[in-house]
Amino acid sequence: MANPPRLLDRVRAALRTRHYSPRTEKAYVGWIRRFILFHGKRHPEETAEREIAAFLSSLADPGRMSASTQNQALASLLFLYQMVLGRPLAWMGDLIHAKRPARLPVVLTRAESHARVENLTGPHRIVGGLLYGGGLRLLEALQLRIKDVDLERREILVRDGKGRKDRGTVVPEALIAPLREHISAVREQHLADLAAGNGAVALPDALCRKYPRAPREWTWQWLFPATRSYLDAKTGEVRRHHLHETAVQRVVAAAARAAGINKHATPHALRHSFATHLLEDGYDIRTIQELLGHKDVSTTMIYTHVLNRGPRGVRSPLDR
């Protein structure tokens with residue numbers, strides 16, 4: 010008789026069945042493993058609300074980790090008990106919740122935003138231009154496929170963005186020519202990969218089984234492919250991934266230093282600047298909400314507090 014699947018394998022299977030991202034799967038499995046080790050390798054079937062509260066409360070000590078990280082640990086344990094073990098949890102009154110601080114986003118001026126993009130080179134400059142000119146998140150930009158960019162209509166389709174939603178946004182006019190040149194270079198690279206017997210990319214969900222030829226088709230290739238190939242352990246194919254976020258983050262940080270920007274501005278600050286500058290130009294909040302892909306307009310409303318007019322648009326009496 011075959012042995013039953015291990016607990017963590019059951020967790021992975023449940024996550025994949027519900028189409029959670031590989032990053033979420035890795036994070037959830039990691040937190041569940043830490044929870045088991047925290048309680049002396051006791052099986053979660055033997056633990057309950059008290060043990061969960063003890064583990065999460067230990068994470069909530071000031072200075073240990075951010076509130077969002079603590080809440081991710083909570084979400085992983087809720088998934089384990091409710092979706093894998095089938096044990097709905099009672100209200101946990103002893104749980105110490107981590108409260109996320111309310112912070113305003115870091116927003117660059119128009120001059121700083123342009124200087125930051127202009128200090129980038131090659132594909133990184135186009136990526137930075139899409140963050141500031143189209144309001145994309147960094148991973149959304151790096152995961153674009155050739156088929157997602159329509160230069161004739163000046164549109165980008167962000168597929169499976171945050172919240173598993175598709176949305177459209179604009180292609181900046183200033184990026185049309187650089188994008189055409191970049192896509193041409195990517196196509197030459199793809200043809201060279203095909204000639205070498207490679208040229209495949211990973212596809213979402215089970216599309217590779219439905220369309221076996223799709224991984225090598227031009228339209229499915231990454232818009233920003235990595236410079237190196239890798240050997241896929243599951244398929245045995247030599248594939249090419251997209252640019253990695255950490256590499257882009259380092260380059261963008263160096264560009265900020267070169268531009269003399271003293272703000273703590275991550276690549277995400279370019280997206281914040283996109284929204285704020287559109288508000289300054291008079292675009293309505295609902296339009297900006299759709300371009301950013303926010304589920305709730307209240308999330309978009311935060312940019313009304315960082316306009317270059319002082320808090321809440323109040324003009325100081327000292328300036329009159």
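Take the sequence shown: its letters are residues 10 to 329, numbered as in this note's numbering.
A virtual CB, placed ideally from N, CA and C, is assigned to each residue, including glycine.
Would you decide whether residue i is buried or exposed? Buried here means 16 or more other CB atoms lie within 10 Å of its CB.
i: ASN292; result: First, the amino acid is wrong: residue 292 is Tyr here, not Asn. Label assigned to TYR292: exposed.
i: GLN81; result: buried
i: ALA186; result: exposed
i: THR309; result: buried
i: SER75; result: exposed
i: ARG248; result: buried
i: SER122; result: buried
i: GLY142; result: buried
i: ASP202; result: buried
i: LEU216; result: exposed
i: ASP103; result: Its pLDDT being 47, under 50, ASP103 is placed unreliably by the model, and nothing is read from it.
i: LEU83; result: buried
i: SER30; result: exposed
i: ALA242; result: exposed
i: ALA274; result: buried
i: SER85; result: buried
i: LEU46; result: exposed
i: LEU200; result: exposed
Can you tell me which of the options puts its alpha carbon nearest to the alpha carbon of residue i?
i: GLY177; options: ARG42, VAL115, LYS272, GLU299; result: GLU299
i: LEU279; options: VAL261, LEU86, THR296, ASP305; result: VAL261
i: ARG112; options: LYS304, ASP290, THR296, HIS281; result: HIS281
i: PRO97; options: HIS253, GLN258, ILE270, GLU58; result: GLU58
i: ILE61; options: ILE41, ALA265, LEU232; result: ILE41
i: GLY269; options: ARG119, PHE47, ARG125; result: ARG125
i: LEU140; options: THR285, HIS314, ALA242; result: THR285
i: PRO181; options: TRP229, GLN258, ARG163, LEU46; result: ARG163
i: HIS303; options: ASP290, PRO221, GLY170; result: GLY170
i: ALA256; options: PHE233, GLU246, ALA242, ASN271; result: PHE233
i: ARG15; options: PHE64, LEU94, SER85; result: LEU94
i: ILE192; options: PRO114, ALA120, ARG154, ASP305; result: ARG154
i: LYS272; options: LEU46, ARG25, PRO114; result: PRO114
i: ALA264; options: GLY131, ALA235, GLN79, PHE47; result: GLY131
i: HIS133; options: THR228, ARG218, ALA235; result: ALA235
i: LYS156; options: TRP227, LEU24, THR78, GLU197; result: TRP227
i: ARG118; options: GLY39, LEU160, ILE297, PHE283; result: Contrary to the premise, residue 118 reads as Thr rather than Arg in this sequence. The candidate whose alpha carbon is nearest that of THR118 is PHE283.
Determine the extent of the beta strand (DSSP E) in which residue i is found, giving its start and end residues.
i: ARG237; result: 234 to 240
i: THR118; result: Careful: THR118 lies outside any beta strand (DSSP E) and carries neither H nor E.
i: THR178; result: 176 to 179
i: ILE165; result: 164 to 167
In terms of residues, what are the limits of the alpha helix (DSSP H) holding residue i?
i: VAL306; result: 306 to 309
i: HIS277; result: 277 to 289
i: ARG259; result: 254 to 267
i: HIS251; result: Segment 247 to 251 is the beta strand (DSSP E) holding HIS251; no alpha helix (DSSP H) there.
i: GLY143; result: 131 to 143
i: ARG19; result: 16 to 26
i: ASN80; result: 76 to 88
i: GLU149; result: 147 to 151
i: SER193; result: 185 to 204
i: THR313; result: Taken as a continuous stretch (DSSP letters only), THR313 belongs to no alpha helix (DSSP H), as it is neither H nor E.
i: ARG32; result: 31 to 47
i: ILE294; result: 294 to 301
i: ALA62; result: 58 to 68
i: LEU216; result: 216 to 219
Given a cut-off of 9 Å on the beta-carbon distance, is the pair residue i and residue j in contact?
i: GLY137; j: ALA183; result: no
i: GLY144; j: LEU301; result: yes
i: ASN128; j: ALA36; result: no
i: GLU149; j: VAL167; result: yes
i: THR244; j: ALA205; result: no
i: TYR348; j: VAL116; result: Summary: the structure shown does not reach residue 348, with the chain confined to residues 10 through 329, and so no result is reported for it.
i: LEU188; j: HIS251; result: no
i: HIS28; j: ARG173; result: yes
i: ALA211; j: PRO221; result: no
i: LEU147; j: GLU289; result: no
i: GLN230; j: VAL179; result: no
i: ARG32; j: PHE64; result: no
Taking 8 Å as the line, does the beta carbon of residue i fall inside it for any heavy atom of the ligand ZN?
i: SER282; result: Annotation note on the ligand ZN: not contained in the displayed structure, which lists no ligands.
Counting only beta-carbon atoms, is residue i nearer than 9 Å to chain D?
i: PRO114; result: You won't find chain D in this structure, because it holds only one protein chain.
- Message: Would you call the region 61 to 71 in contact with the region 14 to 23, where contact means no fewer than 3 C-beta pairs closer than 8 Å?
- Response: no
- Item | Three or more C-beta pairs below 8 Å linking the region 88 to 98 and the region 42 to 57 | yes
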